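Q: Once you've had a glance at the structure underneath, I'll fire off some questions.
Next up, the structure:
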């Protein structure tokens, strides 16, 4: 089946530290991969995406590279800010050709301290 | 542009009461999803629609839950009767096409006493 596994949180960092949140997936075919972010009290919003192998998605200083050989899509940022504190969700859409629903990981909470 | 609009934002009710949550998707979006978020179970997909037709309701917890989409601009999620374990944040989301970006509403926080 299709699934997404994320590293457990919370991840606690100091401002300007380097961030990595691991995400691996299991899927048939060639899924599209996404990172969504949920700020406190809000709904999820798309952070970045990649639709084929070796694509790199990037936005707001965050990056993730679609690695088919390791079935991974790790999220990275070189220097985090307090405003990056949120819950981050890795997700995939399996490219099965039918109706496709977004499959989310469990989410990883990030807390950045000044 | 208006995003996905949900109402009410907060609902507090007593066990046994009927609860109706409402959602207006983004105009032109042909998929609509209902999710539930709790600390224990994370984000769960309850049901989704394509062109107003329910496609997959396997995530609906039990018969107390029902969802409708009478037209392209409106959907409801109803819980009758409600129970304390239904307390959660319920999100509606919509997207255009099969693989487009999913846009979420701000959620409806339900507390059942």
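Chains as they are written, first to last, in our numbering: chain A, 117 to 230; chain B, 184 to 296.
Backbone N, C-alpha and C fix where the C-beta goes; we use that ideal spot for every residue, glycine too.
Fair warning: this is a prediction, and the values are worked out from it, not measured in the lab.
#1: Have a look at residue 265(B) and residue 215(B) and give me their C-alpha separation to the nearest angstrom.
#2: Do you know offhand how far residue 252(B)'s Cα is from residue 206(B)'s?
#3: Short check: CB of residue 212(B) to CB of residue 289(B), under 9 Å?
#4: Is it true that the segment 125 to 132 of chain A meets the segment 217 to 228 of chain A, where meeting means three or more beta-carbon pairs spaced less than 8 Å apart?
#5: Can you tell me where the beta strand (DSSP E) with residue 291(B) in it begins and where it stops?
#6: Between which residues of its own chain and residue 161(A) is the CB-CB distance below 7 Å, once the five residues before and five after are set aside?
#7: Which ranges does the beta strand (DSSP E) cover as unbroken runs of at least 3 residues, wholly within the segment 235 to 282 of chain B, from first to last along the chain?
#8: What residues of chain A sit near residue 213(B), judged by a beta carbon separation below 9 Å?
#9: My output table needs one value for residue 188(A): the three-state DSSP class, helix, strand or coil.
#10: Go through its chain and collect everything with a Cβ distance to residue 223(A)'s Cβ below 8 Å, but skip five positions before and after it.
#11: Buried or exposed, going by whether 16 or more other CB atoms sit within 10 Å of the CB of residue 176(A)?
#12: Report yes or no: do three or more beta-carbon pairs, one from the segment 184 to 191 of chain B and one from the segment 240 to 247 of chain B, lie closer than 8 Å?
#13: Would you kindly work out how many angstroms separate the C-alpha atoms of residue 250(B) and residue 239(B), rounded to a whole number?
#14: Could you check if residue 287(B) is buried or exposed, using at least 16 other CB atoms within 10 Å of its CB as the buried criterion?
#15: Would you please state the rounded distance, in angstroms, between the beta carbons of residue 149(A) and residue 141(A)? I believe it to be under 8 Å.
#16: Buried or exposed: residue 180(A), going by 16 or more other Cβ atoms within 10 Å of its Cβ?
#17: Answer with yes or no whether the minimum CB distance from residue 189(A) to chain B is below 9 Å.
#18: So, helix, strand or coil for residue 195(A), using DSSP?
#19: Excluding sequence positions up to five away, which residues of its chain have a Cβ less than 8 Å from the Cβ of residue 172(A)?
#20: Are any of the Cβ atoms in chain A nearer than 9 Å to that of residue 204(B)?
#21: Smallest Cα separation from residue 184(A): which of 169(A), 207(A) and 174(A)?
A: Considering the structure as presented:
#1: Residue 265(B) and residue 215(B) have their C-alpha atoms some 23 Å from each other.
#2: Distance between the alpha carbons of residue 252(B) and residue 206(B) is about 9 Å.
#3: Remark: C-beta atoms of residue 212(B) and residue 289(B) do not approach each other more closely than 9 Å.
#4: At 8 Å Cβ cutoff, the stretches touch.
#5: Membership of residue 291(B) in the beta strand (DSSP E) is indicated by the continuous run 291 to 295.
#6: So the list reads 152 and 153, once near-sequence residues are dropped.
#7: Within the segment 235 to 282 of chain B, the complete beta strand (DSSP E) runs of at least 3 residues are 236 to 239, 248 to 254, 257 to 262 and 271 to 278.
#8: Correct list: empty, because the minimum Cβ distance to chain A is about 11 Å.
#9: Here DSSP, grouped into helix, strand and coil, assigns residue 188(A) to strand.
#10: Closer than 8 Å at the Cβ level, and outside the excluded window around residue 223(A), lie 122, 125, 154, 203, 204 and 205.
#11: Residue 176(A) is exposed by the Cβ-count criterion.
#12: By the C-beta criterion, the segment 184 to 191 of chain B is judged not to be in contact with the segment 240 to 247 of chain B, since fewer than 3 inter-stretch pairs fall below 8 Å.
#13: About 11 Å.
#14: Buried, since its Cβ has 16 or more Cβ neighbours within 10 Å.
#15: With a beta-carbon spacing of about 7 Å, residue 149(A) and residue 141(A) fall inside the 8 Å limit used to define contacts.
#16: By the Cβ-count criterion, residue 180(A) is buried, with 16 or more other Cβ atoms from all chains shown falling within 10 Å of its own Cβ.
#17: With a threshold of 9 Å between beta carbons, residue 189(A) makes no contact with chain B.
#18: DSSP, read as helix, strand or coil, puts residue 195(A) in coil.
#19: Hits under 8 Å: 166, 179, 180, 181 and 182.
#20: Contact of residue 204(B) with chain A is not assigned, every C-beta pair being separated by 9 Å or more.
#21: Of the candidates 169(A), 207(A) and 174(A), the residue whose Cα lies closest to the Cα of residue 184(A) is 169(A).
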